[in-house]
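> In terms of our numbering, the sequence shown is residues 334 to 449.
Cβ coordinates follow ideal geometry from the N, Cα and C atoms, glycine included.
Given the structure is predicted, the values throughout are model-derived calculations rather than measurements.
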Amino acid sequence: EERHDIFAVHLRKRRRLPQDFDLNALAAASEGYVGAEIEQAIIDGMYFGFNDNEREFTTQDILKALAQQVPLSVSQREAITYLREWLREGRAQSASFQEVREAEDQFVRLEIGPRK
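#1: Met379 to Ala341, Cα distance in whole Å?
#2: I'd like to know if Gln352 contacts chain C, where contact means its C-beta is closer than 8 Å to some C-beta of that chain.
#3: Is Trp419 closer than 8 Å to Ala425 when the C-beta atoms are compared?
#4: Taking Pro404 as the reference, give the member of Asp353, Ile376, Ala369 and Ile339 with the closest Cα.
#5: Assess, as a yes-or-no matter, whether the stretch 381-388 is touched by the stretch 343-351 under the definition of 3 or more beta carbon pairs within less than 8 Å.
#6: Is DSSP giving Phe390 helix, strand or coil here?
#7: Please say whether Phe381 and Ala398 have beta carbons closer to each other than 8 Å?
#8: To the nearest angstrom, how far is the alpha carbon of Arg336 from that of Ile376?
#9: I'd like to know whether the C-beta atoms of Leu396 and Leu359 end up nearer to each other than 8 Å.
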């Protein structure tokens with residue numbers, strides 16, 4: 334679902350309606366991709382359409398772009414594995430959103446109003 338939302342954000346950024354694209358197919362084809370890679374696939378898809386008689390780009394163009402990319406999760410697999418192991422050993426802290434939210438929930442939130 335996160336990749337689905339990322340595609341929607343970047344399509345809107347390029348003034349396209351997400352509902353004009355098969356976001357489920359795009360999300361499935363982009364397993365292991367990070368947001369920047371998804372954004373680049375959309376940009377590449379736009380070029381595919383433009384270079385084909387300046388037509389509007391489609392889901393198929395983005396899928397073609399994804400098929401030509403190698404995501405960092407594949408090309409940098411060893412480095413990612415090393416960093417995750419480093420994290421497991423307690424030598425770093427994860428900054429993933431869910432873990433940050435859980436950590437924040439442990440603290441009392443104080444509302445600070447205007448000064449009197």
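On the basis of the data shown:
#1: So the alpha carbons of these two residues sit roughly 15 Å apart.
#2: Protein chain content of the structure displayed is limited to a single chain, and chain C is not contained in it.
#3: Contact flag set, yes.
#4: Ranked by Cα distance from Pro404, the options Asp353, Ile376, Ala369 and Ile339 are led by Ala369.
#5: Flag = no, the stretch 343-351 and the stretch 381-388 do not touch.
#6: Three-state result, Phe390: coil.
#7: In this structure, Ala398 lies near Phe381, with their beta-carbon atoms less than 8 Å apart.
#8: Approximately 16 Å between the Cα atoms of the pair.
#9: Yes, these two residues count as a Cβ contact at 8 Å.
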